[in-house]
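>
2 protein chains.
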Amino acid sequence: METLRLYDFLPSGNGYKIRLLLTQLGMPFDRVEVNILKGETRTPEFLSKNPNGKIPTLEIEPGKYLAESNAILVYLSECTEFLPYDRFSRSQVLQWLFFEQSSHEPFIATSRFWISILGKAEEYREAIEQKRKPGYAALSLMENHLTSHIFFVGERYTIADIALFAYTHVADEGGFDLTQFPAIQGWIERVKAQPRYISITQE
Amino acid sequence: METLRLYDFLPSGNGYKIRLLLTQLGMPFDRVEVNILKGETRTPEFLSKNPNGKIPTLEIEPGKYLAESNAILVYLSECTEFLPYDRFSRSQVLQWLFFEQSSHEPFIATSRFWISILGKAEEYREAIEQKRKPGYAALSLMENHLTSHIFFVGERYTIADIALFAYTHVADEGGFDLTQFPAIQGWIERVKAQPRYISITQE
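So the sequence lines, in the order shown, correspond to chains A and B. Residue -10 is where the first sequence starts when you use the numbering used here, and the numbers rise one by one after that. Residue -10 is where the second sequence starts when you use the numbering used here, and the numbers rise one by one after that.
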């Protein structure tokens, strides 16, 4: 098998999902840093790899690319302990992955991007304010779930946890206060205690 | 097997995805109309089925629910002609499903909701204006892909087509002009020509 090549941006939670899973799977990979702040995902060369101009993009073999962080998580975790085999459990994992992309990431990750990556909290003040309510709604839903579950699906660590962990554990960098969510905090510690855990900015 | 019960809202493209696939699979189902405009997804009773308060929600067997339209599509299509068996092709289907939820639906479906479902184009004028550029970017990406492909993955009709068709074929109801996208128009006709096709408001 060819070595996987990950087009990535170190501060990105979406990129971190893939780095974390690959590391926990023990799969070697080459990381190519693409600076999204300098327009490097908008060059003709990068758009030939992913026409949507986004990282992470995974080169599975020379010239064969897969985009969308959560689709990459599923691809890499099939037939591993990180994705349940049971049909309904696997569908629940997918449900959380779609929840993450539609009800969580657009609010929590975007706020973090404006505040902590771009450093433009003042410029985006009104937009950030609009993200507060739906962002806290996503966190409250997670908190309720984690009050009676140790992980998101099947009481074991799966890619649903990886996908939701990526931006939740740095939600404070987007101005979200996690101290009011004790079940989330406990879950964050359980994720950090997993074998071969790496932090978000660890290459 | 129990009869599936679909909690649905007839004008919803996300609900339509499931109605269309179930009909094309020839699977009988009960449809329960939930009027999202009257807060019926926010009642304690509905939130006990889907804590995220959204349709579609599928009751697979009594008390067992699955949410997120695209997760439901995958659940229903496994081991059918609507989802490729090959690992990479299946991942490409997922890539398009996540693209639909992150780069298409938030702009095109939301504009349609404000303009044609709520009938409040004037009230949401500024927000609609902000959705124009990313919405057209999603359509342009689809147009480029369809210029050299008859369907999204593997040159055959899959749930990737169903997911993208749902809001694309009614994009004009969100103020998007499809006449400039001939490849999309040709694809829309190919989808409509599929066996057991039903229209979006056909129960």
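Cβ coordinates follow ideal geometry from the N, Cα and C atoms, glycine included. This one's a predicted model, so the numbers in the text were calculated from it and none came from an experiment.
(1) What does DSSP give as the partner residues of Glu29 (chain A) in its beta bridges?
(2) Cys68 (chain A) to His158 (chain A), Cα distance in whole Å?
(3) As a quick exercise: from A:Asp161, A:Tyr(-4), A:Leu10, pick the residue whose alpha carbon is nearest that of Glu29 (chain A).
(4) If we count Cβ pairs, one from each stretch, closer than 8 Å, do we get three or more for the stretch 163 to 181 of chain A versus the stretch 76 to 92 of chain A?
(5) Where are the alpha helix (DSSP H) runs, 4 residues long or more, that stay fully inside the stretch 113 to 142 of chain B, in chain order?
(6) May I ask you to verify whether the stretch 97 to 107 of chain A touches the stretch 77 to 85 of chain A, counting CB pairs closer than 8 Å and requiring at least 3?
(7) Kindly indicate the opening and closing residues of the alpha helix (DSSP H) around Ile49 (chain A).
(8) Within 8 Å (strictly less), CB to CB, does Glu(-9) (chain A) reach chain B?
(9) With 9 Å as the limit, tell me which residues of the stretch 5 to 35 of chain B have their beta carbon closer than that to any beta carbon of chain A; keep them in chain order.
(10) Please go through the same chain and pick out, in chain order, the residues whose beta-carbon is closer than 6 Å to the beta-carbon of Phe96 (chain A), but skip the five residues on each side of it.
(11) List the residues that DSSP assigns as beta-bridge partners of Lys53 (chain B).
(12) Checking the sheet assignment: what are the DSSP bridge partners for Asp166 (chain A)?
(13) Please name the residues in the stretch 78 to 110 of chain A whose beta-carbon is closer than 9 Å to at least one beta-carbon of chain B, in chain order.
(14) Using alpha carbons as the reference points, say which of A:Gly42, A:Leu11, A:Pro33 lies closest to Ile49 (chain A).
(15) Hey, how far is the Cα of Leu55 (chain A) from the Cα of Arg179 (chain B)?
(16) Indicate whether Ala155 (chain B) and Leu86 (chain B) have their beta-carbon atoms separated by less than 8 Å.
(17) How many angstroms separate the CA atom of Gly175 (chain B) from the CA atom of His134 (chain B)?
(18) Just mark Ala127 (chain A) as buried or exposed, buried being the case when its beta carbon has 16 or more other beta carbons within 10 Å.
(19) Taking all protein chains shown into account, decide if Glu162 (chain A) is buried (16 or more other Cβ within 10 angstroms of its Cβ) or exposed.
(20) Report buried or exposed for Thr32 (chain A), applying the criterion of at least 16 other Cβ atoms within 10 angstroms of its Cβ.
(21) Please look up how many angstroms separate the CB atoms of Lys38 (chain B) and Thr46 (chain B), rounded, as I've assumed it's under 8 Å.
(22) Along the beta strand (DSSP E) that carries Arg101 (chain A), what are the first and last residues, could you check?
(23) Phe140 (chain A): which of A:Gly164, A:Ile173, A:Ile7 sits nearest, CA to CA?
(24) By the 8 Å beta-carbon criterion, what residues does the stretch 33 to 57 of chain B contribute toward chain A?
(25) On the DSSP letters alone, give me the boundaries of the beta strand (DSSP E) that Arg76 (chain A) sits inside.
(26) Which value, in whole angstroms, describes the spacing of the CA atoms of Gln191 (chain B) and Glu112 (chain B)?
(27) If you run the structure through DSSP and keep just helix, strand and coil, what is Phe(-2) (chain B)?
(28) So which residues on chain A does Arg76 (chain B) lean against when the C-beta distance must stay under 8 Å?
(29) Reducing DSSP to helix, strand and coil, say where Val21 (chain A) ends up.
(30) Which class does Leu72 (chain B) belong to by DSSP, given the choice of helix, strand or coil?
(31) Could you work out which residue in A:Ile61, A:Ile177, A:Phe(-2), A:Ile117 is closest to Tyr146 (chain A) when comparing CA atoms only?
(32) By how many angstroms is the C-alpha of Lys109 (chain A) removed from the C-alpha of Ile117 (chain A)?
(33) Within 8 Å (strictly less), CB to CB, does Leu135 (chain B) reach chain A?
(34) Check the C-beta distance from Ile187 (chain A) over to Leu9 (chain A) and give it rounded, since I have them as a contact under 8 Å.
(35) Is the beta carbon of His138 (chain B) sitting closer than 8 Å to the one on Glu132 (chain B)?
(36) Please state the DSSP three-state secondary structure of Leu62 (chain B).
The answer reads as follows:
(1) As a first step, residue 29 (chain A) must be located in the first sequence, where it is residue number 40. For Glu29 (chain A), which the question treats as bridged, DSSP gives no partner whatsoever.
(2) As a working mapping, residue 68 (chain A) is identified with position 79 in the first sequence. As a working mapping, residue 158 (chain A) is identified with position 169 in the first sequence. Distance between the alpha carbons of Cys68 (chain A) and His158 (chain A) is about 27 Å.
(3) Reading the first sequence from its first residue, position 40 is the one you call residue 29 (chain A). Checking every option, the nearest Cα to that of Glu29 (chain A) belongs to A:Tyr(-4).
(4) no
(5) 114 to 136
(6) no
(7) Stepping through the first sequence from its first residue, residue 49 (chain A) is reached at position 60. Ile49 (chain A) -> not in any alpha helix (DSSP H); beta strand (DSSP E) instead, spanning 46 to 50.
(8) Sequence index remark: in the first sequence, residue -9 (chain A) carries index 2 (1-based). Cβ-Cβ to chain B under 8 Å: no for Glu(-9) (chain A).
(9) none
(10) For the purposes of this step, residue 96 (chain A) is taken as the residue at position 107 of the first sequence. These residues qualify, in order along the chain: Lys120, Pro123, Gly124.
(11) Translated into the one-based positions of the second sequence, residue 53 (chain B) becomes position 64. Bridge partners of Lys53 (chain B): B:Glu50.
(12) Counted from its first residue, the first sequence places residue 166 (chain A) at position 177. In DSSP, Asp166 (chain A) forms no bridge with anything.
(13) Arg79, Ser80, Gln81, Val82, Leu83, Gln84, Trp85, Leu86, Phe87, Phe88, Gln90, Ser91, Ser92, Glu94, Pro95
(14) Indexing the first sequence from 1 puts residue 49 (chain A) at position 60. Comparing Cα-Cα distances from Ile49 (chain A) to each of A:Gly42, A:Leu11, A:Pro33, the minimum goes to A:Leu11.
(15) Stepping through the first sequence from its first residue, residue 55 (chain A) is reached at position 66. Stepping through the second sequence from its first residue, residue 179 (chain B) is reached at position 190. Distance between the alpha carbons of Leu55 (chain A) and Arg179 (chain B): 26 Å.
(16) Walking along the second sequence from the start, residue 155 (chain B) turns up at place 166. Walking along the second sequence from the start, residue 86 (chain B) turns up at place 97. Taking 8 Å as the Cβ cut-off, Ala155 (chain B) and Leu86 (chain B) do not qualify as a contacting pair.
(17) Residue 175 (chain B) sits at position 186 when you count from the first residue of the second sequence. Residue 134 (chain B) sits at position 145 when you count from the first residue of the second sequence. Taking the straight line joining both Cα atoms gives about 12 Å.
(18) Numbered from its first residue, the first sequence carries residue 127 (chain A) at position 138. So Ala127 (chain A) counts as buried.
(19) Along the first sequence, read from residue 1 onward, the residue named residue 162 (chain A) stands at position 173. Result: buried.
(20) Your numbering for residue 32 (chain A) matches position 43 in the first sequence. Looking at its Cβ environment, which holds fewer than 16 other Cβ atoms inside 10 Å, Thr32 (chain A) is exposed.
(21) As a first step, residue 38 (chain B) is located in the second sequence; it is residue number 49 there, counting from the start. As a first step, residue 46 (chain B) is located in the second sequence; it is residue number 57 there, counting from the start. The pair is a contact, with the Cβ atoms about 6 Å apart (cut-off 8 Å).
(22) In the first sequence, the residue the question calls residue 101 (chain A) occupies position 112. First-last for Arg101 (chain A): 94 to 101, but that is the alpha helix (DSSP H), not the beta strand (DSSP E).
(23) As a first step, residue 140 (chain A) is located in the first sequence; it is residue number 151 there, counting from the start. The shortest C-alpha separation from Phe140 (chain A) is found at A:Ile173.
(24) Cβ proximity to chain A below 8 Å picks out Pro40, Asn41, Ile49, Lys53, Leu55, Ala56, Glu57 from the stretch 33 to 57 of chain B.
(25) Here residue 76 (chain A) corresponds to residue number 87 of the first sequence, with the count starting at 1. Element bounds for Arg76 (chain A): not the beta strand (DSSP E) but the alpha helix (DSSP H), 76 to 88.
(26) For the purposes of this step, residue 191 (chain B) is taken as the residue at position 202 of the second sequence. For the purposes of this step, residue 112 (chain B) is taken as the residue at position 123 of the second sequence. The straight-line gap from Cα to Cα measures roughly 29 Å.
(27) Position 9 of the second sequence, counted from the first residue, corresponds to residue -2 (chain B). Phe(-2) (chain B) falls in the coil class under three-state DSSP.
(28) One-based indexing of the second sequence puts residue 76 (chain B) at position 87. Result: Tyr64, Glu67.
(29) Sequence index remark: in the first sequence, residue 21 (chain A) carries index 32 (1-based). Here Val21 (chain A) sits in strand by DSSP.
(30) By 1-based counting over the second sequence, the position of residue 72 (chain B) is 83. Of the three classes helix, strand and coil, the one that applies to Leu72 (chain B) here is coil, per DSSP.
(31) Locating residue 146 (chain A) in the first sequence gives position 157, where the first residue counts as 1. Of the candidates A:Ile61, A:Ile177, A:Phe(-2), A:Ile117, the one whose C-alpha sits nearest the C-alpha of Tyr146 (chain A) is A:Ile177.
(32) Counted from its first residue, the first sequence places residue 117 (chain A) at position 128. Counted from its first residue, the first sequence places residue 109 (chain A) at position 120. Roughly 10 Å separates the two Cα atoms.
(33) Taking the second sequence and counting its residues from 1, one reaches residue 135 (chain B) at position 146. Closer than 8 Å: no.
(34) By one-based count along the first sequence, residue 187 (chain A) stands at place 198. By one-based count along the first sequence, residue 9 (chain A) stands at place 20. Indeed they touch by this definition, with Cβ atoms about 6 Å apart.
(35) To locate residue 138 (chain B), count along the second sequence from 1; it is residue 149. To locate residue 132 (chain B), count along the second sequence from 1; it is residue 143. No, the Cβ-Cβ distance between His138 (chain B) and Glu132 (chain B) is not below 8 Å.
(36) Numbered from 1 along the second sequence, position 73 holds the residue referred to as residue 62 (chain B). Leu62 (chain B): helix per DSSP, three-state reduction.
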